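Student: Before I ask anything, here is the structure I am working with.
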Amino acid sequence: MSAVTTEPATTDTGLRAGAFGNAVALSCRECGHRLDLGPFYACPECFGPLEIAYEFPTVTREEIEAGPANIWRYKALLPVPADIEQSPNTEPGFTRLLKAHNLGATLGIDNLWVKDDSTNPTNSFKDRVVACALSAARELGAKVFACPSTGNLANAVAAAGARAGIKTVVFIPSNLEKPKQVNSAVYTDSLVAVDGNYDDVNKLAQEIAAEEDGWAFVNVNVRPYYAEGSKTLGYEIAEQLGWRLPDQVVIPVASGSQLTKVHKAFQELIKLGLVEDKPVKIFGAQATGCSPVSVAYKAGVDAIRPVKPDTIAKSLAIGNPADGIYVLDICRETGGAVEDITDDEVREGILLLARTEGIFTETAGGTTVGVLKKLVETGQLDTSLETVVINTGMGLKTLDAVADKVGPAATIAPNYDAFVETGLTS
Ligand SMILES: *Cc1c(COP(=O)(O)O)cnc(C)c1O
Ligand SMILES: [Zn+2]
1 MSAVTTEPAT
11 TDTGLRAGAF
21 GNAVALSCRE
31 CGHRLDLGPF
41 YACPECFGPL
51 EIAYEFPTVT
61 REEIEAGPAN
71 IWRYKALLPV
81 PADIEQSPNT
91 EPGFTRLLKA
101 HNLGATLGID
111 NLWVKDDSTN
121 PTNSFKDRVV
131 ACALSAAREL
141 GAKVFACPST
151 GNLANAVAAA
161 GARAGIKTVV
171 FIPSNLEKPK
181 QVNSAVYTDS
191 LVAVDGNYDD
201 VNKLAQEIAA
211 EEDGWAFVNV
221 NVRPYYAEGS
231 KTLGYEIAEQ
241 LGWRLPDQVV
251 IPVASGSQLT
261 KVHKAFQELI
271 KLGLVEDKPV
281 KIFGAQATGC
291 SPVSVAYKAG
301 VDAIRPVKPD
311 TIAKSLAIGN
321 PADGIYVLDI
331 CRETGGAVED
341 ITDDEVREGI
351 LLLARTEGIF
361 TETAGGTTVG
371 VLKKLVETGQ
381 LDTSLETVVI
391 NTGMGLKTLD
401 AVADKVGPAA
411 TIAPNYDAFV
421 ETGLTS
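1 is the number of the first residue of the sequence shown in UniProt numbering; add one for each residue after it.
Below, the structure written as structure tokens:
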């Protein structure tokens with residue numbers, strides 16, 4: 001694999017046949033320019049982001065249902081080889097889609113589901129994208145598997161690299177929550193804490209990718225392959241609903257990649273005839289302390305003004321979101337919206353989901369659930385329509401966010417009289 005570049009290699013690419021499955025090219029999202037599959041992420045013509053282009057064969061529900069209970073059941077729709085299951089990976093996906101009766105009743109939504117991605121191997125949706133990036137890194141012959149991260153990505157890269165037996169180096173902002181640091185460092189001895197915010201870490205990663213040979217930065221030079229992994233969230237929601245699309249989906253927004261890919265997944269399922277065509281409103285969720293996309297949405301403008309993040313929702317703290325403009329397009333076109341909430345509302349969102357559905361989410365999920373509530377209160381979400389809210393992470397990684405809000409109702413001596421005094425008897 002060559003150093004990161006916007007130019008395709010002029011010589012033979014050296015890739016094995018079928019290395020990327022049914023993917024046939026990289027295609028520019030802005031100008032449509034096409035180039036051969038390789039370690040490229042920016043269009044050589046216009047510097048627009050590159051996306052994977054496919055030639056899909058006929059794919060049936062039965063073929064998918066006969067596959068494994070992880071994202072590889074959708075391998076025909078991903079840039080991975082047909083023998084992907086032979087290579088050690090973390091096998092994420094096929095997480096629970098839970099009917100949220102209590103949360104729905106509390107918010108006044110008739111038909112609400114939680115797609116719970118906290119149960120992935122490293123407890124966030126990032127295992128999906130990293131599994132696809134690892135496959136690409138392998139096929140491109142990378143020596144090092146790396147990433148700049150807001151936390152969860154570093155966890156997923158470090159774990160997947162350990163399982164694959166490939167060296168990992170992961171970069172995080174030095175002020176990251178301790179549990180997320182430990183959750184990376186247990187898998188790798190090359191966790192690098194950078195004094196700066198995520199956007200600084202990202203810039204450093206781009207520099208290293210340009211200097212070092214054979215480094216696959218999952219969300220930089222193999223980003224087109226990585227990003228496709230998020231489509232599996234959309235595929236699973238449709239399959240788990242009985243091969244049907246929901247009416248509304250609420251999705252957290254950091255770089256915006258996940259939201260755009262869930263939308264893309266729904267469109268692909270329609271084109272492949274796997275679900276019936278119907279409109280799906282897509283809603284984006286941000287924390288007010290890092291809400292460049294929500295601000296642009298509300299101002300009715302197309303350009304995103306980068307911000308300096310200041311929020312407890314650190315996994316969403318990307319001040320200059322690469323896919324922000326596409327999030328705006330999708331949310332506007334589908335009749336959805338982008339909304340943001342305060343850090344206090346994020347904490348309330350965490351407790352609301354925990355106490356209604358028994359799911360402990362991290363600050364990103366608190367943001368998504370809190371925004372769902374706000375969308376109902378402001379009349380932006382139609383409570384009569386079938387709605388899915390995506391929980392992308394796990395509360396044990398951001399314990400401090402709610403540690404001061406919950407705790408023992410009482411501390412008592414070990415005898416019955418003391419218990420009676422608490423007033424907790426029935
Ligand atoms: C990274 C992350 C997101 C947002 O992902 P993008 O694709 O960058 O928008 C959401 N939730 C959690 C828990 C994450 O780690
Ligand atoms: Zn272009």
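Each residue gets a CB set at the ideal place from its N, CA and C atoms; glycine is no exception. Note that this is a predicted model, so its numbers are computed, not measured.
1) Would the stretch 298-316 and the stretch 231-248 be scored as touching if the rule is three or more Cβ pairs under 8 Å?
2) Is the closest heavy atom of ligand 1 to the C-beta of THR392 under 7 Å?
3) When the Cα atoms are used, what is the spatial distance from LEU272 to GLY395?
4) Would you say CYS147 touches ligand 2, meaning its beta carbon is less than 7 Å from a heavy atom?
5) Tell me whether GLY336 counts as near ligand 2, meaning its Cβ is closer than 7 Å to at least one heavy atom of that ligand.
6) Could you check whether the Cβ of ASN152 sits closer than 7 Å to any heavy atom belonging to ligand 1?
7) Evaluate contact between the stretch 342-350 and the stretch 320-333, counting only Cβ atoms and requiring at least three cross-stretch pairs below 8 Å.
8) The alpha helix (DSSP H) spanning ASP323 covers which residue range?
9) Taking three-plus beta-carbon pairs below 8 Å as touching, is the stretch 359-370 in contact with the stretch 381-391?
10) Using a threshold of 8 Å, state whether the C-beta atoms of ILE109 and VAL376 are closer than that.
11) Flag this pair as yes or no: are the beta carbons of ARG163 and PRO88 separated by less than 8 Å?
12) Report yes if the C-beta of HIS101 is less than 7 Å from at least one heavy atom of ligand 2; otherwise report no.
13) Helix, strand or coil for VAL4 per DSSP?
14) In chain order, which continuous runs of the beta strand (DSSP E) of length 3 or greater are located wholly inside the stretch 7-75?
15) On the criterion of 16 or more Cβ atoms from any shown chain inside 10 Å, does TYR74 qualify as buried, or is it exposed?
16) Please say whether GLY234 and LYS281 have beta carbons closer to each other than 8 Å?
17) Could you give the distance in angstroms between the alpha-carbon of GLU7 and the alpha-carbon of VAL194?
18) For a test of your reading of the model: does the CB of residue 445 fall under 7 Å from any non-hydrogen atom of ligand 1? Yes or no.
19) Mapping the DSSP letters down to three states, classify LYS374 as helix, strand or coil.
20) Tell me which residue opens and which closes the beta strand (DSSP E) that THR387 is part of.
21) So which residues put a beta carbon under 6 Å from any heavy atom of ligand 2, going in chain order?
22) On the DSSP letters alone, give me the boundaries of the alpha helix (DSSP H) that ALA337 sits inside.
23) Would you identify the three-state DSSP class for ALA216, choosing helix, strand or coil?
24) Taking ALA53 as the reference, give the member of LEU26, GLY38, ALA265, PRO44 with the closest Cα.
25) Given that a residue counts as buried once 16 or more other Cβ atoms are within 10 Å of its Cβ, and exposed if not, what is ALA299?
26) For ALA285, which option in ALA296, PRO252, GLU268 has the closest C-alpha, if you only look at C-alpha atoms?
27) Hey, is GLY366 close to ligand 4, as in C-beta under 7 Å from one of its heavy atoms?
Tutor: With the structure as the only source:
1) no
2) One-based indexing of the sequence shown puts residue 392 at position 392. THR392 Cβ: within cutoff of ligand 1.
3) Translated into positions along the sequence shown, residue 272 becomes position 272. Translated into positions along the sequence shown, residue 395 becomes position 395. The straight-line gap from Cα to Cα measures roughly 37 Å.
4) Within the sequence shown, the letter at position 147 stands for residue 147. No, the Cβ of CYS147 stays beyond 7 Å of every heavy atom of ligand 2.
5) Residue numbering aside, residue 336 sits at position 336 when the sequence shown is read from its first letter. Checking every heavy atom of ligand 2 against the Cβ of GLY336, none is found closer than 7 Å.
6) Start at 1 with the first residue of the sequence shown, and residue 152 comes out as number 152. Yes, ligand 1 has a heavy atom inside 7 Å of this Cβ.
7) no
8) On the sequence shown, position 323 is the one that residue 323 refers to. Here ASP323 belongs to no alpha helix (DSSP H), and DSSP marks it neither H nor E.
9) yes
10) What you label residue 109 is simply residue 109 of the sequence shown in a count that begins at 1. What you label residue 376 is simply residue 376 of the sequence shown in a count that begins at 1. For ILE109 and VAL376, yes; Cβs fall inside 8 Å.
11) Position 163 of the sequence shown, counting from 1, holds the residue named residue 163. Position 88 of the sequence shown, counting from 1, holds the residue named residue 88. Going by C-beta atoms, ARG163 is nearer than 8 Å to PRO88.
12) Your numbering for residue 101 matches position 101 in the sequence shown. No, since every heavy atom of ligand 2 falls outside the 7 Å radius drawn around the Cβ of HIS101.
13) Along the sequence shown, read from residue 1 onward, the residue named residue 4 stands at position 4. Note that VAL4 has pLDDT 45, beneath the 50 cutoff, so the model's placement of it is unreliable and the number below is only indicative. VAL4 falls in the coil class under three-state DSSP.
14) 23-28, 50-54
15) Here residue 74 corresponds to residue number 74 of the sequence shown, with the count starting at 1. When all chains shown are included, TYR74 counts as buried.
16) The residue labelled residue 281 in the question sits at position 281 within the sequence shown. The residue labelled residue 234 in the question sits at position 234 within the sequence shown. No; because the gap between Cβ atoms is not below 8 Å, this pair is not in contact.
17) Within the sequence shown, the letter at position 7 stands for residue 7. Within the sequence shown, the letter at position 194 stands for residue 194. Since pLDDT at GLU7 reaches only 44, below the 50 mark, its modelled position is unreliable, and no value is offered.
18) This structure does not reach residue 445, given that the chain is present from 1 up to 426, and the question cannot be answered.
19) Counting from one through the sequence shown, the residue named residue 374 turns up at place 374. Of the three classes helix, strand and coil, the one that applies to LYS374 here is helix, per DSSP.
20) Position 387 of the sequence shown holds residue 387. 387-391 is the extent of the beta strand (DSSP E) around THR387.
21) CYS28, GLU30, CYS31, HIS33, CYS43, GLU45, CYS46, GLY48
22) Numbered from its first residue, the sequence shown carries residue 337 at position 337. No alpha helix (DSSP H) contains ALA337, which is instead part of the beta strand (DSSP E) from 337-341.
23) As a working mapping, residue 216 is identified with position 216 in the sequence shown. Looking at ALA216 - three-state DSSP - the assignment turns out to be strand.
24) Along the sequence shown, read from residue 1 onward, the residue named residue 53 stands at position 53. Measuring from the Cα of ALA53, the nearest candidate turns out to be LEU26.
25) As a position in the sequence shown, residue 299 is number 299, starting the count at 1. So ALA299 counts as exposed.
26) Here residue 285 refers to the residue found at position 285 when the sequence shown is read from its first residue. Nearest of ALA296, PRO252, GLU268 to ALA285, Cα basis: PRO252.
27) With respect to ligand 4, the structure offers nothing, as its ligand set consists of ligand 1 and ligand 2.
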